[in-house]
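Engineer:
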Amino acid sequence: MRMQPVHMIGMTAIGASLRRVSGSHVRSTLFRRASGAAALTVSICALSLWLAGCGAPDLEKTGLVKISNRVYAFIAPGPTAAEGLGANSGFVVGDEGVLVVDSRYTPALARELVDAIRSVTDAPIRYLVNTHYHPDHTWGNSVFKEEGAVIISHPRTRADIEKYSPLYLEHYRTYRGEAYEQLKAVTIVLPDTTFEDELSIDLGGVEVVIRHFGPGHTAGDCIVTVPGDRVVFTGGLAAEGYHLNLGDVGGDFDNWAATLLRLGGMDFRYVVPAQGMVSDAALLETCRTYIETLRDRCRDEIRAGNYLNVVALTMKIPGTEGYLQENLLPFNVRAVYRREIMKVLEPNFKIDLPDGFEIDDGGAEGRGGRIKWVWNSDNGKLEIEVHWSPAGRNELLVQDVKDRVIRYTEANKGTLSMETAGTKTLEIGGVHEPAAFGTYRIRSGTTLMGSGIWTWSMLTRGGTLYAIQLQTDANRVEERERRNMEILERIAGTFRLTAGG
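With the numbering used here applied, the sequence shown covers 497 to 997.
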């Protein structure tokens, strides 16, 4: 058996740079499987193949699916934890051994996959490919390691398994005891070797090519192709009848869409997605359209000034009715919203935010806008929100700040109460600006709860009025709230205009 690596690197070379893929953006409204005359045509073609003695795979089944004499998919029966969270696997059988694609969610599910392999062949399991780092695709690694397989991934996938898997397991153990019962046997096993762009493996009579086109669903996504059979295992880049997961911190929507477009032009006959049934190349366009549609709609909502919490609960994507894992849609909306806010609003200022702060919300407001950052630290929640609008005048007084607080409180009187304890000045960009401070409480009976302290400041720069709102909730621990506010006020002091501001 011959392994022919292209840009092969050692296990310790984890921080390698990623090659990005660019591509045009072609719009589509395809969100359905073939029906009507198209379905009849597919059925006739399948019947013709069967009559010719070739046989066509049954693409409408779960469990073991024979795609060709060499290639098999193992399709999860459903989205529950016991079913592996819907995560698919597969394997390729050569004269000299077997290559497995993804190891499933638990050791028990991995052994189920081994049993399926043994129902087909007694050949040794030589390789396991982790298409990305998520637990439902990697937490069965230990079983295949015991089988003697060499585990292969992209360097970022290996690094992310090492970084995140212990945290995920601890989260389950601490907060989701019922789910952890299924995960007690999980032993985190890292890939043995990594590749950068492309790796070719000869299994004996069949070639498998593993490729990385840059970040998409995660930073280290790879696809597994069997060119001779025109089959691609997409990993998390595609799903059929399931919502995609757009929330990974290492993902890249632009490159993801470009990669799907690229794969669509590579003449694959069979597509094995991360979730859902084996499909054809049309699925790749369906998934690309899902990403583009969701992103376009989120951009429109940001321009309209709509709040993320409302949009996440109300947005629908036509054609996805009945998709499984529907909880991912509001999750995806939040992820896309937060990624797109800065691009859509193009603020003309900067603030030096420490690690830990993430964009939480934002949107247009007339000829201005707003952006909020949040840090859920060990010492409580810290928030900084900036509003901007055309300035009515250049001189500001503390009373202007107090008036704004009163208007804000009145607009939110059903959910929020705020009291002003005093006034002061904050040094922002080397200039002392008027500010007010006090306490707040989110009223009980709302979807949100909390209380803490706040500071607001206002300033004018370049014909624009900026309001900087700071608040922290440390569960009524006064010392922590005081320290958190000191941090927030130092951050506010770094506010400055960028070029053109």
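The beta carbon of each residue, even a glycine, is placed where N, CA and C say it ideally should be.
#1: Roughly how many angstroms lie between the CA atoms of R791 and N805, to the nearest whole one?
#2: Pick from G959, C794 and V774: whose alpha carbon is nearest that of G888?
#3: Sorted by chain position, which residues of the same chain lie with C-beta nearer than 6 Å to H739's C-beta, five sequence neighbours on each side aside?
#4: Does DSSP classify R515 as helix, strand or coil?
#5: Ordered along the chain, which non-local residues of its own chain (more than five positions away) have a Cβ less than 6 Å from that of V567?
#6: Please state whether DSSP places Q965 in a helix, a strand or coil.
#7: Let me know the secondary structure DSSP gives L547 once reduced to three states.
#8: Excluding the five sequence neighbours on either side, which residues of its own chain have a C-beta within less than 8 Å of the C-beta of I798, listed in chain order?
#9: Could you spell out the range, first to last residue, of the beta strand (DSSP E) harbouring A932?
#10: Less than 8 Å between the CB atoms is what I'm expecting for F709 and T755, so what's the real figure, rounded?
#11: Helix, strand or coil: which one does DSSP assign to P553?
#12: CB-CB under 8 Å to A645, same chain, minus the five flanking residues each way: which ones, in chain order?
#13: Using the C-alpha atoms, what's the distance from T714 back to N751?
#14: Just to confirm the assignment, what range does the alpha helix (DSSP H) spanning Y819 have?
#15: Below 8 Å, how does it come out for the region 657 to 676 and the region 698 to 708: are there three or more Cβ pairs, yes or no?
#16: What residue range is occupied by the uninterrupted beta strand (DSSP E) comprising W950?
#17: Nearest by alpha-carbon distance to L663: which of Y962, A988 and H630 is it?
#18: What residues are listed by DSSP as bridge partners for E736?
#19: Could you pull the start and end residues of the beta strand (DSSP E) that H883 belongs to?
#20: Out of curiosity, what's the CA-to-CA distance linking L560 and I787?
Structural biologist: With the given structure in hand:
#1: On the sequence shown, residue 791 is found 295 positions in, with the first residue counted as 1. On the sequence shown, residue 805 is found 309 positions in, with the first residue counted as 1. Straight-line Cα distance between these residues: approximately 16 Å.
#2: As a position in the sequence shown, residue 888 is number 392, starting the count at 1. G959 is the residue among G959, C794 and V774 whose C-alpha sits nearest the C-alpha of G888.
#3: Here the question's residue 739 lines up with position 243 in the sequence shown. Sequence-distant Cβ neighbours of H739 in its own chain, meaning closer than 6 Å and more than five residues away, are Y819, Q821, L824 and L825.
#4: On the sequence shown, position 19 is the one that residue 515 refers to. Reliability of the predicted coordinates at R515 is poor, the pLDDT of 24 falling under 50, and no value is obtained from them.
#5: For this step, residue 567 is matched to residue 71 along the sequence shown. Excluding sequence neighbours, V567 sits near V588, V722, D725 and V727.
#6: As a working mapping, residue 965 is identified with position 469 in the sequence shown. Strand at Q965.
#7: Here residue 547 corresponds to residue number 51 of the sequence shown, with the count starting at 1. At L547, the pLDDT of 36 sits below 50, so the modelled position is not reliable and the matter cannot be decided from this model.
#8: Position 302 of the sequence shown, counted from the first residue, corresponds to residue 798. Here I798 has Y833, E836, I837, V840, L841, G858, G859 and A860 as same chain residues with Cβ atoms under 8 Å from its own Cβ, once five neighbours each way along the sequence are excluded.
#9: Locating residue 932 in the sequence shown gives position 436, counting from the first residue. Judged by DSSP secondary structure, A932 falls within the beta strand (DSSP E) whose first and last residues are V927 to I938.
#10: Your numbering for residue 709 matches position 213 in the sequence shown. Your numbering for residue 755 matches position 259 in the sequence shown. Their Cβ separation, rounded to whole angstroms, is 4 Å, which keeps F709 and T755 in contact under 8 Å.
#11: Counting from one through the sequence shown, the residue named residue 553 turns up at place 57. Coil, per DSSP.
#12: Against the sequence shown, residue 645 aligns to sequence position 149. Excluding residues within five positions, the ones whose Cβ falls inside 8 Å are V596, I621, R622, Y623 and L624.
#13: Taking the sequence shown and counting its residues from 1, the one referred to as residue 751 is at position 255. Taking the sequence shown and counting its residues from 1, the one referred to as residue 714 is at position 218. Taking C-alpha positions only, N751 is separated from T714 by approximately 11 Å.
#14: Numbered from its first residue, the sequence shown carries residue 819 at position 323. Run containing Y819: none; DSSP gives neither H nor E here.
#15: Cβ pair count under 8 Å is below three, so no.
#16: Mapped onto the sequence shown, residue 950 falls at position 454. Counting along the chain, the beta strand (DSSP E) containing W950 begins and ends at G946 to R957.
#17: On the sequence shown, residue 663 is found 167 positions in, with the first residue counted as 1. Ranking Y962, A988 and H630 by Cα distance to L663 puts H630 first.
#18: Within the sequence shown, numbered from 1, the residue matching residue 736 stands at position 240. According to DSSP, which records beta bridges pairwise, E736 is partnered with nothing at all.
#19: Start at 1 with the first residue of the sequence shown, and residue 883 comes out as number 387. Taken as a continuous stretch (DSSP letters only), the beta strand (DSSP E) holding H883 covers G876 to P886.
#20: Taking the sequence shown and counting its residues from 1, one reaches residue 560 at position 64. Taking the sequence shown and counting its residues from 1, one reaches residue 787 at position 291. A direct Cα-Cα distance of roughly 29 Å separates L560 from I787.
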